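Everything on this sheet refers to the single structure shown next.
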Amino acid sequence: MHPDDLPYRPNVGAVLFNSRGQVFVARRADFPNAEGPAGGWQLPQGGIDETEDPRVAIFRELGEEIGTEKAEIIGEHPDWLTYDLPPELIGKALHGRYRGQRQRWFALRFTGNDSDIRLDLDPHPEFDAWRWDDLVNLPTLAVGFKREIYAVLATSFARFAFPA
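With my numbering, the residue at position 68 of the sequence shown is 148, and numbering never jumps.
What follows is the structure in structure tokens.
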């Protein structure tokens with residue numbers, strides 16, 4: 081099957097801001113040595129179940145990936161954003177069923193404490209480290225095929241990158 085014949089996977093993503101206006105980024109467990117331009121750091125994101133509302137899915141994904149749903153939605157990017165997987169990942173990533181992802185992105189304000197973030201609650205954690213970083217740094221932290229989306233988000237959600 082040609083990659084163009086594959087669908088995009090419906091997905092939600094979270095730009096989670098702390099009270100200082102920084103964003104949560106986490107290092108993928110399958111890229112443990114990735115730093116800076118090498119990529120491997122990303123925002124929480126995940127698939128939308130077939131009949132699930134994206135606003136419900138984003139909180140489910142936060143709970144699954146970072147162990148907390150302590151957040152409130154403060155913004156939403158107006159458009160669905162898509163990315164294509166690089167050719168070497170077609171047929172491997174995303175269970176081999178998708179060409180990439182079609183994403184609905186939300187800006188959220190974290191309402192908990194750092195100790196509420198628990199990457200170890202899932203028996204197969206997606207992330208092995210996390211930190212708060214500046215929104216403008218997002219594109220340089222991501223893997224290459226996600227950088228364009230992260231640049232769009234850095235602009236779209238810039239109004240939230242200030243202390244609450």
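Don't be surprised by glycine CBs; every beta carbon is placed ideally from N, CA and C. Treat the numbers as computed from the prediction; the structure is a model and nothing was measured.
Could you spell out where the beta strand (DSSP E) holding residue i opens and where it closes?
i	result
leucine 96	88–97
isoleucine 197	Here isoleucine 197 belongs to no beta strand (DSSP E), and DSSP marks it neither H nor E.
valine 232	Segment 227–236 is the alpha helix (DSSP H) holding valine 232; no beta strand (DSSP E) there.
phenylalanine 104	103–108
glycine 224	Unbroken run through glycine 224: none, as it is neither H nor E.
glycine 126	125–127
Look at residue i and residue j and say whether their C-beta atoms are less than 8 angstroms apart.
i	j	result
alanine 324	phenylalanine 97	Absent from the structure is residue 324, since the part of the chain shown begins at 81 and ends at 244.
arginine 182	proline 90	yes
valine 92	isoleucine 153	no
alanine 103	leucine 218	Looking at the sequence itself, residue 103 is valine, so the reference to alanine does not match. In this structure, leucine 218 lies closer than 8 angstroms to valine 103 by Cβ.
glutamate 228	glutamate 145	no
arginine 107	alanine 173	no
proline 243	arginine 135	no
valine 95	phenylalanine 237	yes
alanine 151	leucine 188	yes
glutamate 156	phenylalanine 186	yes
arginine 184	tryptophan 160	yes
Could you please give the first and the last residue of the uninterrupted alpha helix (DSSP H) stretch that includes residue i?
i	result
arginine 140	134–146
Apart from the five residues on each side of it in sequence, which residues of its chain come closer than 8 angstroms, Cβ to Cβ, to residue i?
i	result
glycine 116	Unreliable positioning characterises glycine 116 in this predicted model, as indicated by a pLDDT of 48, which lies under 50. The coordinate reading is nonetheless provided below. Here the set comprises Thr220 and Leu221.
valine 232	His157 and Leu161
Within a Cβ cutoff of 7 angstroms, which residues of the same chain sit near residue i, ignoring the five residues on either side of it in sequence?
i	result
glycine 127	Arg89, Pro90 and Asn91
isoleucine 216	Reading off the sequence, residue 216 comes out as valine, not isoleucine. So the qualifying residues of the chain are Ala234.
Give me, in chain order, the residues of the same chain whose beta-carbon lies closer than 6 angstroms to that of residue i; leave out the 5 immediate sequence neighbours on both sides.
i	result
glycine 143	Glu149
leucine 201	Gly147
Exercise. What beta strand (DSSP E) runs, 3 residues minimum, are completely inside the stretch 147–220?
Worked result: Runs found: 151–156, 161–164, 180–190 and 207–213.
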